[in-house]
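For reference, the structure is listed below as structure tokens.
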Amino acid sequence: DSIYWHASATDNYSIAWYLDMQVNDSAGNLIPNANISIYNRTGQFIQSALTDSNGFARLNVTHYRSNLTHRFYQTNHTINITIGSEKSSFSINMSTNQHRDVQLTMAPPVVTFVGVTPTDPNANSYLFCVPQYTDIDGSTAIFDYKWYIDGALIPGENQKYIVCSGHENCTKGAKVSCAVNASDSYYTGSNWNMSANVTIQNKGPITKASYTDLNGDGYADIVFSNYYNGTAWYINSTIYFGNSTGEYSVDDSLGLPTIGAGTTIIDDMNNDGYPDIIIAGIHNGSSWNSYSFIFFGNSTGGFLSDVSISLPVSAAYDVIAADFDSDGYKDLVFANYRDDSGYSMDSKVYYSTGGFSSDNLLDLPTVGARSIASGDFDRDGYIDLVIGQIYDGVIYDVNSTVYYGNSTGGFSLADSLTLPTFGPRKVIADDLNGDGYLDLVFANERDSVSRKINSTVYFGNSTGGFSIDDSVALPTEGPLDVIADDLNGDGYKDLIFANSNNGTSRNIDSMIYYSNSTGGYSVSDSLGLPTSGVTDVFIDDLNLDGYKEIMFANPTNGTETIINCTIFFGNSSGGYSVQNSVGLLTDSGRLIDTYDLDGNGYPDVIFASNNLNTNSTIYYSNSTGGFNVGDSLKLPTSRSLGLSIAGIGKIGSIMDDIEDVAINMTFNSTINLSDNIYDPDGDTLSFTSIGAQNLTVTYDSTNMLVHIIGKPDFNGTSWLIINATDGSGHAVTNNFSINVYYIDPVTTVNISEFANQSGTTNLSNKTMRQLMNLSNFKLAKSTGSIQWLANTNLIHQNLVRHTYFASKLIAVNTSALDSTFNSSASLEVTGVDCSDYAIYRSSAFHNSAASVIAEATECPSNICTSVSCSGTTLLFTVSGFSSYAIGPAPAGDTPVTPTTTTPSSSGTSSGFAKNMESIIFNDVRAGQEKIFTLNNYLIAITKVSMTAKEFISKMKISVRSYGEAPYSLLESTIDGAYQYLKVSHENYFDNSQVEDIRFEFKVPKSWLGTDKAVLYRYNDGDWSKQKTEQTSTDSSYAYYTAYPEGLSYFAIAKEEAKVVPVKDTPITQTTEPTPHTPEPIVQSPVPTSQALTGQAINPTPHTTKPTPQTQQEKSWFAVNLTWIVAACVILLGLIIAGIIFITGRKTRPTIQQHDQKTIINNYMRQALVYNQPIPESIIAILDATVLWARGEMTHGHTKEELKSALIQRGWQSDLANIFLSKI
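First residue of the sequence shown: 1117, per our numbering; consecutive thereafter.
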């Protein structure tokens, strides 16, 4: 066994020896799976092997090869031993068997200490297991955790923290401990190290978010995030703790481990009353895929790095906190700019339940996201988002996105809006013009060509929508920030843009744009202020003179970075000048914040430095609001991209009082105190009051309720302070005050007739503030209901007088109510025939459905939306008021259902006319394709698409089906057509503005048979086949794509269908018209029934007088409107008769009704005299009459003869004159 011998037939042989390897680590542990590689004397690889579970491997190593005359030596050999990043190497002469022991410089991690924080937890605390360990090879440890309560293992809790209250036995007095085992990529640990116990303490009640600084000492603390120090991104950000002198130092600071840190915010994210710190991560030195951190606060302000959560992000340049899902905990949104592959990178919404995890998040599609703002843009009670998107990797002309919130806190592209922007570095949401709706301002840094680019203000409205049509562009030069505030005291918010670079220089003016009384802005009312490469602008009244100062952070002038940042002092006119300014020297000041740090009553100014390994600067204000270098302080930072101050008014969750309440003699107020005060131990609290004059205050401690009742003589305002104590005598740390107002229930809001109706919003116990901004307010009666989708102001509103509910009628007199009532709402109407209805709308306030229907204005699909009808209940959404009534569908609107399809049993339709669908696309760019997908069983077309050839501000596409050829097709029809259709642009654009039009449609196989379907287009009186291709089939339908030459009327028919002309009957000429007796009631002002189908006047052989219209030829509207009106009149008459009988009155009111002639003549007058919109059915009648008149004139009839015929058919004389004058 000492050698390995090999001989060949050619007398060649080789000699090999055994090499036994034993591999250990520095602690003497055997290392399995270590790779042993052998190379010969020339460096040629020979062989390799892995050590077994005992760290052992045997290899055969050739000493030499020989023939009868020569030996060819292979040794000395080089032996390499590797595992992971560890490596050992040596040289060996294999002239005999060898055994080598190799020790690698590696060892398993060793846990040296385990502790639980906080050390004085309460029952609601997060408990963190904090290990310390050593690993001589520097490997990163992986920890396993075990948790124990009173010595008993908690099953399944293998994580570094637990929520004490989530476990049954984790109550006051319980002993909690944890154990930790450490592993790394080489070793699986097996030694558990146990912590000492911590005892769950009894804590007194605390008000939620009661701390105003980080460590609870009452002095403001400052947080700087540090991005990079020149060599590393894994560096500490810094908390500088405040004190009574306002001095800050490294000796009283705390480092927070962060990676490429950026934006910093402070808020209470877990509702434990202690502020937490959120620091967004941008870059880790090798990748844009990094981490953001949440450092949870405690009573000491310790912010241990292990008491934190890391969240994956990608170049998160911005972060905001808000409770999007209304669960009581604030969530986080990170604007992710890019990842390592590009800029199409989802931003992240991390939802909180008191903690955060990667399993509870939402990805928001964004491209180059750089800034975020939030607010309730559509006033539906849910927080919306706007994300500024600056770059897609090629161009800066990238749209930004508004995401609308909902009841679940979710966001989606389906409920979003894109707005044209140009590299916006900052977006803010604010009500600039005081109309109650949030507006958006984008500071556009650049487009793909220039930095001299307009920034944009988009004005909000009641729907929460924004558009170019309601926006203003303001000239700027590479702005990096924008802020809104009323600088001149006129009540309107002005805008300040921080201009940083115009492409050639950084020494340029930043701009103030002053707002006017209409909330508008213009270049003529603006002011430039000299700045240098500004990155931040801030506003505060530094000298307490009542006028606001503007501060600009100037990090560089293009060549230097140690330059002045500038403060421009305000005055009564809102003007600013260099003469009334001061420059403060900083080391590349990048960010600004203000706070009275030294307690002298005047705000001090903090500048965060943009330079590496240098100092940020505090300038202390004196009694005059002045500043000088001699009264400043420098604090070490390194490229600080985030600055936050924790002090009174600076932390998002701080509350100092309960919302004001309103009471009166008919209703009292009950407040749930658990929203504001809680006890960490779960102790039952007892309450006492201070103040409470003219009030009777009682407490329900079990349910945490306070009842406030006004005494008989209470008619003003009062207040009370609530103090809480637990069973151990601990008192609340912060008391809450409540302002109480008396309000008159009659003059404030009158809903008496609705109050007892099921579904009406209960206004009892609503506060004054809630009544002024009430969400989802609903009024209900047996005939229907209204629920406003936007917030409404109920103060001083008489809704009994100014709303009207009747059978198939809902009306709101918005001219007599607050403007918030003229907003979107959901309507419910009962008693509707879902097989035959239409929604009629009037801008006037009506008290009967008949009077609305008499106007015959169908509600447009852009006003009446989300229509559905089931059983006898109709639901639809409206964009505003006044009156809506439900009646039968007008002539031409009632669709003929194809025999091969059956509507669903619910009778649901997606539009106000069941055979019509429409859609509006706003701000369509040239080259942009728009797709309209339809899912209506009455319409054969399933998709319409087209591409804009030029910018179209509003593209409306309407698709309507007809069971028979519509009136407008007067010259000819298609024999055996499956369906006629009208695809129109509603005059918002024309065919010359679009191209690549495509229709997708389907037809039943049972109708088609073996033939092919073709789309026919009607244009200028002719039908023409359009290119049509069959794309697929299934068991029931054949599917086609057609390429029409433009929008128009269409027919779907078989390929060999014939065009059928509509016949004209010649008029027999006579010398004189013979007398004719007018019809007693004319159902339509069209001269003859034949005119409705495109035929000329149908004479007898002896006269040119028109023949009467037959009953079969009358439209639905013409046949039935008389009966509808008559039925309403009879019903109204019976009601009045009953009232007279009951009250004993002797007189009856005279009821005057419109006959059909009057109604239709009124429509004609609307169109011909006042140029107002009329129903499509009346338009069809007018079109037919025009063709009839022109035809008769070509046959030699005079206008006087035509006028006589029109008057005999019911036309009013002046209308006939106007009509004929237009022919």
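No residue lacks a Cβ here, since even glycine has one placed at the ideal position from N, Cα and C.
Cβ shell of residue i (< 7 Å), same chain only, five flanking positions each side left out
i, result
"S2088", "W2139, V2175, V2176, P2177 and V2178"
"W2239", "Residue confidence is low: W2239 scores 40 on pLDDT, short of 50, so the model does not pin down where it sits. Its coordinate-derived value is still stated next. Hits under 7 Å: none found."
"S1253", "A small fix is needed here, since residue 1253 is Asp in this sequence, not Ser. Same-chain partners within the cutoff: E1202, T1221, M1222 and A1223."
Own chain partners of residue i with C-beta closer than 6 Å, once the 5 adjacent residues on each side are dropped
i, result
"Y1553", "G1576 and N1577"
"S1205", "N1196"
"S1519", "For the sequence presented, residue 1519 should be read as Tyr rather than Ser. Cβ neighbours of Y1519 beyond the five flanking positions: L1501, F1527 and S1532."
"D1434", "T1379, A1451, S1487 and I1488"
"A1965", "K1924, L1925 and A2001"
Residue from the options whose Cα sits closest to the Cα of residue i
i, options, result
"A2158", "G2137, A2129 and V1588", "A2129"
"Y1261", "T1185, S1255, C1245 and T1250", "C1245"
"V1565", "Q1190, G1619 and A2305", "G1619"
"P1481", "L1700, L1529, T1315 and T1730", "L1529"
"S1430", "Y1249, S1402, F1412 and I1398", "I1398"
"D1217", "P1247, L1146 and D1253", "L1146"
"M1222", "E1202, T1228 and G1231", "E1202"
"T1287", "G1272, D1300, Q1317 and N1274", "Q1317"
"I1838", "F1259, K1827 and L1821", "L1821"
"L1448", "K2338, F1472 and S1874", "F1472"
"T2153", "S1901, L2124, P2160 and T1753", "First, the amino acid is wrong: residue 2153 is Tyr here, not Thr. For the residues S1901, L2124, P2160 and T1753, the minimum Cα distance to Y2153 belongs to L2124."
"T1753", "D1747, N1726 and L1643", "N1726"
"S1369", "Q1248, Y1350, I1338 and N1623", "I1338"
"I2346", "A1724, G1509 and G1758", "Nothing about residue 2346 can be read from this structure; the chain reaches only from 1117 to 2339."
"Q1163", "A1941, S1169 and L1175", "L1175"
Rounded straight-line distance, which links the Cα of residue j to that of residue i
i, j, result
"G1144", "M1137", "15 Å"
"S1516", "T1634", "26 Å"
"P1595", "T1647", "11 Å"
"A2167", "K2143", "13 Å"
"G1171", "Q1214", "16 Å"
"S1951", "K2046", "32 Å"
"I2334", "L2322", "12 Å"
"I1511", "Y1453", "14 Å"
"N1878", "S1939", "21 Å"
"I2267", "S1967", "For I2267, the pLDDT reaches just 29, beneath the cut-off of 50, and the residue's location in the model is therefore unreliable, although a value from the coordinates is still provided. Cα to Cα, the separation comes out at about 13 Å."
"S2320", "V2302", "15 Å"
"V2119", "Q2146", "11 Å"
"T1946", "T1989", "5 Å"
"K2315", "S1898", "55 Å"
"Q2328", "A2305", "16 Å"
"I1131", "H1179", "5 Å"
"D1602", "N1810", "39 Å"
"S2349", "P1540", "Given a span of 1117 to 2339 for the chain in the structure shown, any question on residue 2349 remains unanswerable."
"F1409", "A1485", "19 Å"
"Y1350", "N1400", "7 Å"
Integer Cβ distance of residue i from residue j, believed to fall under 8 Å
i, j, result
"N1963", "G1497", "Wrong, their Cβ atoms sit about 32 Å apart, outside the cutoff."
"S1756", "F1340", "4 Å"
"L1728", "N1345", "6 Å"
"Y1343", "G1371", "The pair is not a contact, with the Cβ atoms about 15 Å apart (cut-off 8 Å)."
"R2133", "E2161", "6 Å"
Beta-carbon proximity list for residue i, same chain, < 8 Å, skipping 5 on both sides
i, result
"S2108", "K2065"
"S1874", "A1896"
"E1273", "Y1261, K1262 and W1263"
Within-8 Å CB hit, residue i to chain B
i, result
"G1171", "Absent from the structure: chain B. Only one protein chain is present."
**Request:** Mind the definition here: the region 1357-1364 touches the region 1376-1395 only if three or more C-beta pairs lie below 8 Å; say whether that holds.
**Result:** no
**Request:** Could you say if the region 1651-1668 and the region 1689-1708 meet the contact criterion of at least three C-beta pairs nearer than 8 Å?
**Result:** yes
**Message:** Three or more C-beta pairs under 8 Å: does that hold for the region 1489-1496 against the region 1459-1468?
**Reply:** no
**Request:** Check whether the region 1621-1635 touches the region 1647-1665, taking contact to mean three or more Cβ pairs, one atom from each stretch, closer than 8 Å.
**Result:** yes
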